[in-house]
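A.B. asks:
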Amino acid sequence: MRKKLESLLLDALDDYKTLNIVNINVQKLTTEMDSMIIATGTSTRHVKSASSSLVEYAKKQKYEIFGLEGENSGEWILIDFGDVVVNVMLAETRELYNLEKLWIKPKN
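Each residue of the sequence shown is one higher than the one before, counting from -6 in my numbering.
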């Protein structure tokens, strides 16, 4: 079920023209989620629009939304689907917090 949800979310983010979409498997790093998807929006309006559209699309597909944060500012919106967490961010915000560096473990 998680793979189907990931695929649906990744395709939708691509359809909504978000940039630099990354899917990180975090199963070995936390029990809070299995994967984290990060995408960049080109403006606060784009971040808000893509996130809102993603939530509505997922709900139509019968997926539950467990949490939604940041929708007022539009700099970084986090959508919690349980096993999958989506972060849609402005480029500046993404660069500042650098979630990829925090969550991607170097290969030894």
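Where is the CB? At the ideal position from N, CA and C, for every residue including glycine.
1. Check each candidate in Asp4, Ile14 and Ser28 and name the one with the smallest Cα separation from Gln20.
2. Need the endpoints of the alpha helix (DSSP H) that Thr33 sits in, please.
3. Hey, would you say the C-beta of Asp4 is under 8 Å away from at least one heavy atom of the ligand NAP?
4. Counting only the same chain and skipping the five closest in sequence on each side, list residues whose C-beta sits under 7 Å from that of Tyr56.
5. DSSP has Glu25 in a bridge; who is on the other side?
6. Around the C-beta of Leu6, are 16 or more other C-beta atoms found within 10 angstroms, so that it is buried, or is it exposed?
7. According to DSSP, is Asp76 helix, strand or coil?
8. Name the one or two DSSP bridge partners that Leu123 has.
9. On the DSSP bridge assignment, give the partners of Ile97 in chain order.
10. Under the three-state reduction of DSSP, which class applies to Glu85: helix, strand or coil?
11. Closest to Arg(-5) by C-alpha separation, out of Val78, Leu12, Ser36 and Asn65, would be which residue?
C.D. replies: Taking the geometry as given:
1. As a working note, residue 20 is residue 27 in the sequence shown. Checking every option, the nearest Cα to that of Gln20 belongs to Ser28.
2. Position 40 of the sequence shown, counting from 1, holds the residue named residue 33. Element bounds for Thr33: not the alpha helix (DSSP H) but the beta strand (DSSP E), Ser28 to Gly34.
3. With respect to the ligand NAP, the structure offers nothing, as it holds no ligand at all.
4. As a working note, residue 56 is residue 63 in the sequence shown. Counting only Cβ-Cβ distances below 7 Å, and skipping sequence neighbours, we find Leu(-2) and Phe74.
5. The residue you call residue 25 lines up with position 32 of the sequence shown. Its beta-bridge partners do not exist; DSSP assigns none.
6. As a working mapping, residue 6 is identified with position 13 in the sequence shown. It counts as buried.
7. Position 83 of the sequence shown, counted from the start, is the residue given in the question as residue 76. The answer is coil: DSSP assigns Asp76 none of H, G, I, E or B.
8. Absent from the structure is residue 123, since the part of the chain shown begins at -6 and ends at 101.
9. Taking the sequence shown and counting its residues from 1, one reaches residue 97 at position 104. Bridge partners of Ile97: none, in fact.
10. Position 92 of the sequence shown, counting from 1, holds the residue named residue 85. Helix at Glu85.
11. Here residue -5 refers to the residue found at position 2 of the sequence shown. The shortest Cα separation from Arg(-5) among Val78, Leu12, Ser36 and Asn65 belongs to Val78.
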